[in-house]
Amino acid sequence: MRPLGGSGKPPAMSDESDVEKKLREERHQKGVKLAELGVNPYGTGLRPEHLTAEIHARHEHDTPEALEAAKPGPYSIAGRVVSVRDFGKAGFIMVQDRAGALQVHVKKDVLGDQAFAPYKLLDLGDFVFVRGTAFRSKTGELTLAATEYRPLTKTLRPLPGKFSAEVKLSPEQAERVKAAVAAVNAATSAVEDAAARHQVSEETIAAQQALLKDDPVAAKALPHAVAKAWAEKQALHDTEERYRRRYVDLLSNPGVKETFIKRTKLVQFIRSFLDARGYLEVETPMMHPLVSGAAARPFKTHHNAYDVPLFMRIAPELYLKRLVVGGFDRVYEINRNFRNEGVSTRHNPEFTMLEFYEAYATYHDLMDLTEEMISAAAVHVTGSVKVKYGDHLIDFSKGWPRIPMRQAIAERVKELTEKDFGDVERLRAIALRKAESPADKAAIATMNVGELTALLFEQYVEHELINPTFITEFPVENSPLARRSDANPAVTDRFELFCMGREIANAFSELNDPVDQEQRFRSQVDAKARGQQETMDYDADYIRALEHGMPPTAGEGIGIDRLCMLFTDAQSIRDVILFPLLRPQTSK
RNA sequence: GGGAGCGUAGCUCAAUUGGCAGAGCAAUGGACUCUUAAUCCAUAGGUUGAAGGUUCGAUUCCUUCCGCUCUCACCA
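Residue numbers (my numbering): -18 to 569.
Here's what the structure looks like:
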């Protein structure tokens, strides 16, 4: 047997306490003892043939007697041990795999001394392989009677808190069980003494079970639910630790796994939705020689062999439109953008964006498409077209309002009519009312009509848009890549989608006039020369591409992280990003 | 970058006006072959984020620093 670790000691960590060292050393020693028993604590080559969920599904309705007669199996499972209830010469352990968890009954007289000895060296969190037949324990729980028990991986660090198996319930059952759990917790939390508390807890659980006796499933689920409530209370709550050690967060807080499964389902849904409509998924450069496609400050990097500076992309837009020029007239990309700006509950420096372009479509067509896609995504991901977010219930049912920006402002600022949007000073005066800092006032003093209109929208309208709403007719000044409206050259054929007071999507009929585009690039370059940092560079090759002709095209960008927040009731973008950017830890 | 708040055992949390740092879970030793927060007996576990200051005495008050959370600004 290969000795454990190079030096025979667990790896040293500079920032850990003596307690942590001791816990790890104790576990390490159990691994050493396993090796002495002839079991490699980091062995390999044992593949389970079944998932815990499969075994549950297969025997869900089987009675204890039927299982006793049939002795179905043998089944083999592998997973992490998330609870242990030991009785000396026997024990119950809960083994969790990717699909769920199953209880295992380990008995010395069945396994024999040699196979039972490794079980006595088990720690919570270790991985094991078990083979056995299914039966129901006296409490009715489906359990694997182990005929083979093999340790797979020794864990050196304890997991935080407690763990509990998931029990599947209908929403109605879940509500009833939840109320019963609250009653149990209320009754037991008042008791100080541990033994007495257990007594009170058992009595209260029994009493609550009696109340649920018309619903055997709910009654049976109650003890599990009490355990789960307890486990959740004990789980890792420290926000920083949760983000820094997401692997622990995922194990410890059950809802976290659900959130990220929903995120994956959302992205898969969007791909299949667009694929089904003839869109081609492509990948365009993440490292750009120029800053383009959005108004934002970039990250800078450098390529050694060419000795050239590069920017991490702030948007893929101009590359995707080059592809439309090249004949890919329905394309999309789901990938990361990088913007060198502050972090907040709604901003991570790298974030995931869907961008898609469809030739011969207009921004009106994209409103139809967006409505179709997001309302269907809501149902696919959350199971309902009405989605709970915080205290709100957002209704994604199709038929979202489409309101021109000026109208939306005029509806809320009574003294403004739509005609007043030509009057710079009038707009300025109204914008100044909401300006607080001297810096804001100074900025407002130099704004033009379009900029003031956009500002008034942010001040008076944006935060009020709870249910999905399209805002159209954006001013041309802050839409450097959008096509001018034929009816009014001051505005563009553009919309943004708002939901919960936040921008979710941004789309427009693309500017495909190379002459107009060149002028707008020049005004961006001028703005940069005046000191404005969030501007685009002049992209001569993009102009050249437009000169080859881009068909009339509409394009859209959707912030996947923010959409995901809405579908998972997440209050922070960090709750939908597996590894959000945090300041590197210098000392613990 | 500005403002507010937080940081106590591996985890979740206490600690009265500034007066002996505590509990549950996890851990360790022991008992127990149908448990569901298993139970019972025993044991151990702390530089109270870091440094400094005030004080007879600091988890508590003050200063600085580190980190996080919220919020404002920039932005999607």
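Cβ atoms here follow ideal geometry from the backbone N, Cα and C, with glycine treated the same way.
All of these numbers come straight from a predicted model, not from anything done at the bench.
N- and C-terminal bounds of the beta strand (DSSP E) containing residue i
| i | result |
| --- | --- |
| P45 | Premise fails: P45 lies in the alpha helix (DSSP H), P45 to A51, not in any beta strand (DSSP E). |
| S356 | Element bounds for S356: not the beta strand (DSSP E) but the alpha helix (DSSP H), Y344 to T363. |
| T240 | First-last for T240: P235 to A257, but that is the alpha helix (DSSP H), not the beta strand (DSSP E). |
| G536 | T534 to G540 |
| G113 | F108 to R117 |
| I485 | R483 to S490 |
| V324 | Segment: none, V324 is in no beta strand (DSSP E) and carries neither H nor E. |
| R28 | Unbroken run through R28: none, as it is neither H nor E. |
| V604 | Any property of residue 604 remains undetermined from this structure, which presents the chain solely from -18 to 569. |
| I295 | Segment: none, I295 is in no beta strand (DSSP E) and carries neither H nor E. |
| I411 | Careful: I411 lies outside any beta strand (DSSP E), inside the alpha helix (DSSP H) at V405 to R414. |
| R61 | Y56 to D67 |
Sequence-distant residues of the same chain with beta carbon closer than 6 Å to residue i, five excluded per side
| i | result |
| --- | --- |
| P382 | T450 |
| L397 | A391 |
| E331 | R317 and F319 |
| H40 | A115 and L123 |
| H284 | L291 |
| P(-16) | Caution is warranted here: a pLDDT of 41 is assigned to P(-16), below 50, making its placement in the model unreliable, and no coordinate value can be reported. |
Given residue i as reference, the closest of the options once Cα atoms are compared
| i | options | result |
| --- | --- | --- |
| S378 | F319, C480 and A426 | C480 |
| T134 | V362, Q249 and D104 | D104 |
| A257 | V312, P290 and V91 | V312 |
| N318 | A71, L347 and F292 | F292 |
| A342 | M531, F548 and L203 | M531 |
| R372 | S365, E7, A551 and K201 | Residue identity check: residue 372 is Asp in the sequence provided, not Arg. Checked all of S365, E7, A551 and K201; the closest Cα to D372 is A551. |
| P29 | G113, D467 and L231 | G113 |
| R8 | A51, F97, N21 and L137 | L137 |
| D361 | F250, T120 and K238 | Before going on, a small fix: residue 361 reads as His here, not Asp. Comparing Cα positions, the closest option is F250. |
| V405 | R555, A435 and P297 | A435 |
| D349 | G380, A277 and D421 | G380 |
| V557 | V229, G236 and L27 | G236 |
| A275 | P533, C545 and D520 | D520 |
| N469 | L478, E477, F476 and F455 | F455 |
| Q513 | D219, R278, E129 and Q190 | R278 |
| R465 | K400, A535 and D518 | A535 |
| N448 | N459, D401, E129 and E484 | E484 |
| E129 | L92, L559 and I315 | L92 |
| V305 | Y260, Y287 and T333 | Y260 |
| V442 | F476, P99, A200 and A389 | A389 |
| A210 | D195, Y228 and A160 | A160 |
| D230 | A510, P141 and V472 | P141 |
| R387 | F476, K214 and M334 | F476 |
Whole-Å CB distance - residue i paired with residue j, under 8 Å assumed
| i | j | result |
| --- | --- | --- |
| H529 | G482 | Between G482 and H529 the Cβ distance is about 41 Å, and since that is not below 8 Å, they are no contact. |
| T33 | G81 | 5 Å |
| V109 | P132 | 6 Å |
| K119 | K89 | About 19 Å; that fails the 8 Å criterion. |
| R223 | L217 | 6 Å |
| L408 | K422 | At roughly 14 Å, the Cβ-Cβ gap does not stay under 8 Å, so L408 and K422 are not in contact. |
| E298 | E336 | 6 Å |
| E262 | R252 | 7 Å |
Beta-carbon contacts of residue i that lie in its chain and below 8 Å, excluding the five residues immediately before and after
| i | result |
| --- | --- |
| I36 | Y56, I58, L83, A115, L123 and L125 |
| F548 | K243, L247, A358, A359, V362, T363 and V368 |
| E322 | A277, R278, H328 and P330 |
| R157 | L193, D196 and A199 |
Enclosing alpha helix (DSSP H) for residue i [first to last residue]
| i | result |
| --- | --- |
| Y287 | From DSSP, Y287 is part of no alpha helix (DSSP H); its letter is neither H nor E. |
| G81 | Run containing G81: none in the alpha helix (DSSP H); it sits in the beta strand (DSSP E), G81 to K88. |
| M386 | M386 to R393 |
| H9 | D(-1) to E17 |
| V496 | P495 to A510 |
| E528 | A521 to E528 |
| M517 | Per DSSP, M517 belongs to no alpha helix (DSSP H) and is neither H nor E. |
| V306 | E298 to V306 |
| N36 | Asn is not the amino acid found at residue 36; the sequence shown has Ile there. Looking at the DSSP string, the run of the alpha helix (DSSP H) that includes I36 is T33 to H40. |
| I375 | Segment H373 to D376 is the beta strand (DSSP E) holding I375; no alpha helix (DSSP H) there. |
| L436 | V430 to Y441 |
| Q95 | D94 to Y100 |
| R225 | T220 to R225 |
Close beta carbons around residue i, own chain, < 7 Å, minus the five adjacent residues each side
| i | result |
| --- | --- |
| T185 | A164, V165, A168 and T169 |
query = Do the segment 517 to 525 and the segment 325 to 333 meet, that is, are 3 or more Cβ pairs less than 8 Å apart?
reply = Under the three-pair Cβ rule at 8 Å, the segment 517 to 525 does not count as touching the segment 325 to 333.
query = Are at least three pairs of beta-carbons, each pair with one atom in the segment 493 to 508 and one in the segment 355 to 365, less than 8 Å apart?
reply = Cβ pair count under 8 Å is below three, so no.
message = For the segment 486 to 497 against the segment 535 to 544, do three or more pairs of beta-carbon atoms, one drawn from each stretch, fall closer than 8 Å, so that the two count as touching?
response = Touching, yes, given that three or more Cβ pairs across the two stretches are closer than 8 Å.
ask   = Would you say the segment 89 to 108 touches the segment 63 to 73, given that touching needs at least three Cβ pairs under 8 Å?
value = By the Cβ test, the segment 89 to 108 is in contact with the segment 63 to 73, since at least three Cβ pairs between them sit closer than 8 Å.
inquiry  = If contact is defined by three or more beta carbon pairs under 8 Å, each pair taking one atom from either stretch, is the segment 493 to 500 in contact with the segment 424 to 437?
reply    = With fewer than three CB-CB distances shorter than 8 Å, the segment 424 to 437 does not count as touching the segment 493 to 500.
query = Is there contact between the segment 260 to 270 and the segment 238 to 247, where contact requires at least three CB pairs shorter than 8 Å?
reply = No contact exists between the segment 260 to 270 and the segment 238 to 247.
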